[in-house]
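**Q** My structure is below; once you've seen it, I'll send some questions.
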Amino acid sequence: MDTDPLQDAPPARYAVESDSEDEIGHSPGSRPDRAAPTYKLVSNLPQGDHGPLMIICGPIARYWLSGFEGQTIGSIQLDETLVVEYWRTNTKRLVAVLTHRLPLGAQQLVAQSILETRGDSEQIIVIDSYSYLAYISGQPRIQDDHPIRYLSTSPSAETLASKDN
């Protein structure tokens with residue numbers, strides 16, 4: 001609260017003790033609610049069993065694509081921008097390559113679209129790289145030399161039990 005040291009009387013008690021400045025009378029008013037942005041998502045991937053899913057994100061995805069020889073079989077477009085490419089490897093693994101940084105509101109839409117491509121019992125592997133700014137190291141790091149993060153799921157116990165019978 002701002003007080004004027006040259007005024008004749010101390011400020012009113014409610015002005016000193018209040019934690020809300022709108023009681024004083026110079027409130028900026030309520031903020032207008034912003035509408036949540038809407039995104040147009042178009043996914044095209046041929047139907048069928050695609051096997052295990054590997055998701056490669058970030059700078060490592062661009063590096064991986066530069067040396068990969070395979071065929072692209074689908075994609076995801078977000079507001080007419082290609083953000084994910086689906087590739088088929090020689091081992092029949094489906095690879096989703098995410099090369100763009102997505103807006104926060106679109107991340108769930110793209111992730112849900114990618115996960116809908118896999119079978120219920122298929123393995124998922126996520127490969128990403130640490131940001132060099134977030135990686136704590138005693139040695140200085142080159143910006144293009146990101147350490148890799150790897151996360152993998154395994155098939156469910158029900159699937160394993162049904163394969164044993």
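By the count of full-length UniProt numbering, the sequence shown reaches residue 165 at its end, each step adding exactly one.
Glycine included, every Cβ here is placed at the ideal spot set by N, Cα and C.
#1: Among the residues of its own chain, which have a CB less than 8 Å from the CB of K163, if the five just before and after it don't count?
#2: Just how far apart, CA to CA, sit I148 and I127?
#3: In terms of alpha-carbon separation, which member of A61, S43, V97, P52 lies closest to L78?
#4: What is the DSSP secondary structure of Q77, counted as helix, strand or coil?
#5: Which of the three DSSP states is assigned to R62 in this structure?
#6: Name the one or two DSSP bridge partners that T72 has.
#7: Who are the Cβ neighbours of V84 in its own chain at under 7 Å, not counting the five residues just before and after it?
#8: Take the Cβ of G58 as the centre, count every other Cβ of all protein chains shown within 10 Å, and call the residue buried at 16 or more, exposed below.
#9: DSSP has S154 in a bridge; who is on the other side?
#10: My understanding is that P46 touches I73, with C-beta atoms under 8 Å, so please give their C-beta distance in whole angstroms.
#11: Does DSSP classify A96 as helix, strand or coil?
#12: Is the CB-CB distance between W87 and G67 below 8 Å?
#13: How about S129: is its Cβ closer than 7 Å to a heavy atom in the ligand HEM?
#14: What are the start and end residues of the beta strand (DSSP E) that includes L115?
#15: Within this structure, are the beta carbons of A106 and Y63 separated by less than 8 Å?
**A** Result, derived from the coordinates:
#1: Because K163 sits at a pLDDT of 44, beneath the cut-off of 50, its placement in the model cannot be relied upon, and the point is left open.
#2: 7 Å
#3: S43
#4: strand
#5: helix
#6: W87
#7: S75, I76, A96, V97, L98, V110, I114
#8: buried
#9: Answer is none; S154 lacks a bridge partner.
#10: 6 Å
#11: strand
#12: no
#13: The ligand HEM is not part of the structure shown, which contains no ligands of any sort.
#14: That residue, L115, is in no beta strand (DSSP E); its alpha helix (DSSP H) goes 104-115.
#15: no
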